[in-house]
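Chemist:
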Amino acid sequence: MLSFDVEEYFQVEAAAEAGVGHEQWKSFPKRLAPCVDRILQLLADHRASATFFVLGWVARHERILIRQIAEAGHEIASHGMSHRMIIHLTPAEFRRELLDSRRLLEDISGQSVIGYRAPTFSITHQTAWALDVLAESGFLYDSSIFPIHHDRYGVPDAPTCVHRAVGPAGGTILEIPPLTMRMMRINWPVGGGGYLRLLPVRVIGRASRAAKHYRRSSMLYLHPWELDPDQPILPMHRVARWRHRLGLGRTEGKLRWLLMRFDFSDVRQCINALTSTAQQRHVYGQRIEAFDGSCPQGALPPTAEYSQQEPYGSLGP
Ligand SMILES: [Zn+2]
């Protein structure tokens, strides 16, 4: 599986931490469209499809671009509206972001939006209530739980395979974690972002093959701005800037290398590839009884329960 988080280079969390707020976004030059054009061309050249998790702000400002992605046959999914991490949202605010972004994206793309990825993979134990909100809002799958240790996100003990994630209130949703590699009894992130830019691409290839063998999730993720080494330098902390700009000039070549060697598809296609219409009906009926992405055919994906470590009150109105 292949995915792109569709946002501008100035909307990343490291920029927000350095004081680049929503009100300043309009003052930065937009650079998204040419990057997305190149990605669409690469995918077309290799007959691959991908899931595009689109930020609501971007959808509002780039309607034609989002329509082009959908018309090229790719899946449109939600990346929320504001790119605020879930820890900074109340359950009611999160629900509003989900519903607003879905309405906007469905209106633009003509597709039904069934998937979601949180900004900065910000569903953790602490924000596990978000799984309940996603399930009750009718989303079919989520791709926000990174089964690793990280300073900003991560649930290190989460399954690395596609699984049924259960929130503290019992809401269930199909969870599609990014690709990881297991070494020295630790899950290592290799599936995208700075890791993909840092590591030799052959390591990503090896991890992708191992994922198939060990039934780990094979989800890769990139951002269009990672194909843009000439983007303006943002006011960030030195380490954050290094992380943000690391290997930008090599991303496109790595993506091309992977596209030449692996077959990629979007999440919706994987669900549609279920072996029988009965299984598909179960999935679309929110019962999520089978998924062909990483489970033996016809078998149930494993289940993992997530609980928040801090009280979060009611789920809101
Ligand atoms: Zn993002």
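Just so you know, we're using this note's numbering here: the sequence shown kicks off at 5 and counts up by one. Note that the Cβ used here is the ideal one computed from N, Cα and C, for glycine as well.
(1) Smallest Cα separation from Ala215: which of Cys165, Leu203, Trp229, Ala244?
(2) Kindly identify the DSSP beta-bridge partner or partners of Met187.
(3) For Pro228, which residues from the same chain have a beta carbon less than 7 Å from its beta carbon, with the 5 sequence-adjacent residues on both sides left out?
(4) Examine ligand 1 and report whether any of its heavy atoms sits within less than 8 Å of the Cβ of Val16.
(5) Identify, in the order they occur along the chain, each residue of the same chain with its Cβ nearer than 8 Å to the Cβ of Asp267, setting aside the five sequence neighbours on each side.
(6) Taking Thr307 as part of the beta strand (DSSP E), name the residues at either end of that continuous run.
(7) Can we count Thr55 as close to ligand 1, meaning its CB is less than 8 Å from some heavy atom?
(8) How long is the line joining the alpha carbons of Pro233 and Gly251, rounded to whole angstroms?
(9) Please name the residue in Ile149, Ser222, Trp192, Tyr199 whose C-alpha comes closest to that of Ala308.
(10) By the three-class DSSP mapping on this structure, what secondary structure does Ser86 have?
(11) For Arg245 and Arg67, what's the separation of their Cα atoms in angstroms?
(12) Can you tell me which residues fall inside 6 Å of ligand 1, judged by beta-carbon distance to its nearest heavy atom, and keep chain order?
(13) Once DSSP output is grouped into helix, strand and coil, what is the label at Arg291?
(14) Mapping DSSP to helix, strand and coil, what is Thr279?
(15) Buried or exposed: where does Lys258 fall if 16 or more other Cβ atoms within 10 Å of its Cβ makes it buried?
(16) Do Phe143 and Ile118 have their C-beta atoms closer together than 9 Å?
(17) Straight-line CA distance for Glu293 to His241?
(18) So, at 7 Å on beta carbons, what are the nonlocal neighbours of Val16 in its own chain, with the 5 sequence-adjacent residues on each side left out?
(19) Does the beta-carbon of Ser311 have 16 or more other beta-carbons within 10 angstroms, so that it is buried, or is it exposed?
(20) Quick check on Gln45: buried or exposed, where buried means 16 or more other Cβ atoms within 10 Å of its Cβ?
(21) Three or more C-beta pairs closer than 8 Å, one from the region 135–142 and one from the region 20–37: is that the case here?
(22) Let me know if Ala81 comes out buried or exposed under the rule of 16 or more other beta-carbons within 10 Å of its beta-carbon.
(23) Check Thr128 in the structure and name its three-state DSSP category.
(24) Hey, could you find the ends of the beta strand (DSSP E) Val170 is sitting in?
(25) Per DSSP, which residues does Ser148 bridge with? Please list them.
(26) Rounded to whole angstroms, how far is the Cβ of Leu83 from the Cβ of Pro123, which I believe are closer than 8 Å?
(27) Enumerate in chain order the residues of its own chain whose CB-to-CB distance from Leu6 is below 6 Å, with the five nearest sequence positions on each side excluded.
(28) Which residues in the same chain have their Cβ closer than 7 Å to the Cβ of Phe98, if we skip the five residues on either side of it in sequence?
(29) What's the call for Asp146, buried or exposed, on a 16-neighbour Cβ count within 10 Å?
(30) Measuring alpha carbon to alpha carbon, tell me which residue in Thr255, Met85, Gly114, His92 is nearest Arg100.
Modeler: Reading from the atomic positions:
(1) Along the sequence shown, read from residue 1 onward, the residue named residue 215 stands at position 211. Checked all of Cys165, Leu203, Trp229, Ala244; the closest Cα to Ala215 is Cys165.
(2) The residue you call residue 187 lines up with position 183 of the sequence shown. Per DSSP, Ile190.
(3) The residue labelled residue 228 in the question sits at position 224 within the sequence shown. Closer than 7 Å at Cβ, skipping near neighbours: Phe8, Val10, Leu36, Cys39, Val40, Ile43.
(4) Position 12 of the sequence shown, counted from the first residue, corresponds to residue 16. Yes - ligand 1 has a heavy atom lying nearer than 8 Å to the Cβ of Val16.
(5) Stepping through the sequence shown from its first residue, residue 267 is reached at position 263. Correct list, in chain order: Ala52.
(6) The residue labelled residue 307 in the question sits at position 303 within the sequence shown. Start and end: 307–309.
(7) Along the sequence shown, read from residue 1 onward, the residue named residue 55 stands at position 51. No; taking the cut-off as 8 Å, the Cβ of Thr55 has no heavy atom of ligand 1 nearer than that.
(8) Taking the sequence shown and counting its residues from 1, one reaches residue 233 at position 229. Taking the sequence shown and counting its residues from 1, one reaches residue 251 at position 247. Spanning the two alpha carbons is a distance of roughly 8 Å.
(9) Taking the sequence shown and counting its residues from 1, one reaches residue 308 at position 304. Looking from the CA of Ala308, the closest CA among Ile149, Ser222, Trp192, Tyr199 belongs to Ile149.
(10) One-based indexing of the sequence shown puts residue 86 at position 82. Of the three classes helix, strand and coil, the one that applies to Ser86 here is coil, per DSSP.
(11) The residue given as residue 245 occupies position 241 in the sequence shown. The residue given as residue 67 occupies position 63 in the sequence shown. Straight-line Cα distance between these residues: approximately 30 Å.
(12) Asp9, Glu11, His83, His87, Pro123
(13) Taking the sequence shown and counting its residues from 1, one reaches residue 291 at position 287. Caution applies to Arg291, whose pLDDT of 43 falls short of 50 and renders its modelled position unreliable; the value that the coordinates give is listed next. Here Arg291 sits in coil by DSSP.
(14) Sequence index remark: in the sequence shown, residue 279 carries index 275 (1-based). Caution applies to Thr279, whose pLDDT of 46 falls short of 50 and renders its modelled position unreliable; the value that the coordinates give is listed next. Of the three classes helix, strand and coil, the one that applies to Thr279 here is coil, per DSSP.
(15) Taking the first residue of the sequence shown as 1, we reach residue 258 at position 254. That one is buried.
(16) As a first step, residue 143 must be located in the sequence shown, where it is residue number 139. As a first step, residue 118 must be located in the sequence shown, where it is residue number 114. Contact flag set, yes.
(17) Position 289 of the sequence shown, counted from the first residue, corresponds to residue 293. Position 237 of the sequence shown, counted from the first residue, corresponds to residue 241. Bear in mind that the predicted position of Glu293 carries a pLDDT of just 45, short of 50, making it unreliable; the figure below should be weighed with that in mind. Rounded to whole angstroms, Glu293 to His241 spans 45 Å at the Cα level.
(18) Counted from its first residue, the sequence shown places residue 16 at position 12. Hits under 7 Å: His248.
(19) Counted from its first residue, the sequence shown places residue 311 at position 307. Its Cβ having fewer than 16 others within 10 Å, Ser311 is exposed.
(20) Along the sequence shown, read from residue 1 onward, the residue named residue 45 stands at position 41. Per the 10 Å Cβ criterion, exposed.
(21) no
(22) Walking along the sequence shown from the start, residue 81 turns up at place 77. Counting Cβ neighbours within 10 Å, Ala81 comes out buried, since at least 16 surround it.
(23) As a working mapping, residue 128 is identified with position 124 in the sequence shown. Reduced to three states, the DSSP call for Thr128 is coil.
(24) Counting from one through the sequence shown, the residue named residue 170 turns up at place 166. Counting along the chain, the beta strand (DSSP E) containing Val170 begins and ends at 167–170.
(25) One-based indexing of the sequence shown puts residue 148 at position 144. Its beta-bridge partners do not exist; DSSP assigns none.
(26) Walking along the sequence shown from the start, residue 83 turns up at place 79. Walking along the sequence shown from the start, residue 123 turns up at place 119. In the sequence on display, residue 83 carries His and not Leu. Correct: roughly 7 Å between the Cβ atoms.
(27) On the sequence shown, residue 6 is found 2 positions in, with the first residue counted as 1. These residues qualify, in order along the chain: Ala54, Leu224, Phe268.
(28) For the purposes of this step, residue 98 is taken as the residue at position 94 of the sequence shown. The answer, listed in chain order, is Ile90, Ala134, Val137.
(29) Position 142 of the sequence shown, counted from the start, is the residue given in the question as residue 146. By the Cβ-count criterion, Asp146 is buried, with 16 or more other Cβ atoms from all chains shown falling within 10 Å of its own Cβ.
(30) Along the sequence shown, read from residue 1 onward, the residue named residue 100 stands at position 96. It is Met85 whose Cα lies nearest to the Cα of Arg100.
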